[in-house]
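Residue numbering for the sequence shown is 217 to 429, as defined by our numbering. Where is the CB? At the ideal position from N, CA and C, for every residue including glycine.
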Amino acid sequence: MTYPHRMLDDVAQLASFEGWSQEVYTDFFRLRRKEMTDAEFRAKYHRECAILSMDMTGFTSSAMHRGELESLLRILDAQTVVIPALQEFGAELIRCFADDIVALFPEPNVAVDAAIESHRRIQAYNKSSLASELPTQCCAGIGYGAVLAIGPNLAQGDEMNRASKLGEDIARANETLLTENAYALVADREEFRFEAQDQDDLLFPYHRVVLCD
């Protein structure tokens with residue numbers, strides 16, 4: 217059975233919606249037509265990096281009960297505090313969308329350090345005279361491994377998905393959670409304790425980072 221509706225195959229128009237670049241759309245169509253192999257596509261766009269996915273807590277609640285401007289100001293607070301920390305730890309890319317922040321690092325140790333420092337600075341900000349009545353807090357997920365350098369964050373793939381799931385959906389305020397790949401490269405850090413989380417209802421196992429006393 218043929219598909220009865222118009223499909224969009226103009227790569228320039230597709231790219232105008234800012235999902236992927238025109239070159240990436242072109243290569244995806246080549247992949248679909250078997251003019252490019254999976255291996256060729258992956259070789260062209262492959263990269264390895266650590267992904268730090270951070271989310272702001274209470275965004276929906278603050279918008280409902282304090283108004284949309286107050287909730288957006290909480291995002292502003294978080295960005296102005298967290299972004300300098302990410303920059304100081306050498307983030308190769310930082311992208312913000314709504315109450316999410318994504319940063320890429322060359323390896324997970326520095327991503328963990330950046331996350332912990334971001335939490336520390338948010339807590340310091342919340343204790344200062346600058347904080348609002350409903351200060352924001354952050355939660356973080358970190359993944360590491362092979363991804364495709366495409367899309368707005370230049371990192372799409374399984375580890376990005378896992379880091380985003382941890383940072384946006386699972387982590388609570390001030391928590392930093394690691395995928396198994398990220399944990400494997402930071403497990404010998406003596407200043408942290410790592411709590412394994414592997415309950416049956418989870419999509420995948422992960423580890424919680426705890427600062428040692």
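Per DSSP, methionine 270 is one residue of the beta strand (DSSP E) stretching across 262-272. The DSSP-derived three-state label of arginine 424 is strand. Setting aside the 5 residues that flank it on each side, alanine 403 is surrounded in the same chain by Phe410, each with a C-beta closer than 7 Å to its C-beta; the list follows chain order. Check the Cα spacing between methionine 376 and each of Glu391, Thr395, Ala387, Phe305: the tightest is with Thr395.
With a cut-off of 8 Å on Cβ pairs, the stretch 316-327 is not in contact with the stretch 221-240, counting fewer than three such pairs.
Under DSSP, aspartate 316 takes part in a beta bridge, and its partners are Asp271, Phe313.
Sequence-distant Cβ neighbours of threonine 242 in its own chain, meaning closer than 7 Å and more than five residues away, are Val227. In the DSSP assignment, glutamate 411 falls within the unbroken beta strand (DSSP E) covering 408-413. Of all alpha-carbon atoms in Asp414, Ala231, Ile317, the one lying nearest the alpha-carbon of isoleucine 358 is that of Ile317. Phenylalanine 420 is positioned such that its CB atom lies closer than 8 Å to that of arginine 378.
Segment contact: the stretch 337-344 against the stretch 358-372, fewer than three CB-CB distances shorter than 8 Å; contact not assigned.
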